[in-house]
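In the numbering used here, the protein residues as written are 44 to 174.
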Amino acid sequence: MCVYKVRLYQCLLLAMLVSSCASYHDLSEGGANHLGGGFLDTKLVSGLYSLTVKTNFAPWPNFSGAWSTWNKRAKELCVQQDFENIEVEESTYNTLAGKGYVISQVKGYVHCSDSSLGKKEIERLISHNGH
Numbered sequence: 044m045c046v047y048k049v050r051l052y053q054c055l056l057l058a059m060l061v062s063s064c065a066s067y068h069d070l071s072e073g074g075a076n077h078l079g080g081g082f083l084d085t086k087l088v089s090g091l092y093s094l095t096v097k098t099n100f101a102p103w104p105n106f107s108g109a110w111s112t113w114n115k116r117a118k119e120l121c122v123q124q125d126f127e128n129i130e131v132e133e134s135t136y137n138t139l140a141g142k143g144y145v146i147s148q149v150k151g152y153v154h155c156s157d158s159s160l161g162k163k164e165i166e167r168l169i170s171h172n173g174h
């Protein structure tokens, strides 16, 4: 009977881990999430934002979860208008929980379609931002 309970708890833990791979948590307001996930954005100028999205820790990379959060946040920043992703990079890193648990990260810039910024101005702003 005890073996079944252990297996049940393992299954429940795995289900929670898998279902919580993407987190919609504003890291600038609530600080770090216990599971590692969330987003952080900075308005460079009207219509141009720096955006970093992190997934909750998992035993494998989860860029689909990171992109889901990225797209949701970018739509909010651009007030439901279309947007362009600029200089976006995907990466993973180990968590404090140790080797084998990674956080997937998507980092770059969002340019809203209703912005009047030209390509040269966007490049200048990004180069001054230090990405």
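Even glycine gets a Cβ: it sits at the ideal position worked out from N, Cα and C. Note that the coordinates shown come from a computational prediction; the quantities given were computed from them, not determined experimentally.
Pop quiz: residue 138 and residue 104 are said to be a contact at Cβ under 8 Å. What is the actual Cβ separation, rounded to whole angstroms?
The sequence position of residue 138 within the sequence shown is 95, counting from 1. The sequence position of residue 104 within the sequence shown is 61, counting from 1. About 12 Å; that fails the 8 Å criterion.
Taking the continuous beta strand (DSSP E) assigned at residue 98, which residues delimit it?
Sequence index remark: in the sequence shown, residue 98 carries index 55 (1-based). Neither: residue 98 is in no beta strand (DSSP E) and is coded neither H nor E.
Among residues of its own chain, excluding the 5 on either side of residue 127, which ones have a beta-carbon nearer than 6 Å to its beta-carbon?
Looking up residue 127 in the sequence shown gives position 84. Contacts found: 154.
Using CA coordinates, which residue listed in 73, 166, 144, 158 is at the minimum distance from residue 151?
Stepping through the sequence shown from its first residue, residue 151 is reached at position 108. Of the listed residues, the one whose Cα sits closest to residue 151 is 166.
Buried or exposed, going by whether 16 or more other CB atoms sit within 10 Å of the CB of residue 88?
Here residue 88 refers to the residue found at position 45 of the sequence shown. Exposed is the call here.
Quick check on DSSP: helix, strand or coil for residue 159?
Position 116 of the sequence shown holds residue 159. Note: residue 159 maps to coil in three-state DSSP.
When you compare each of 172, 162, 169, 143 to residue 102 by their alpha carbons, which one comes out closest?
To locate residue 102, count along the sequence shown from 1; it is residue 59. With distances taken between Cα atoms, residue 102 lies closest to 143.
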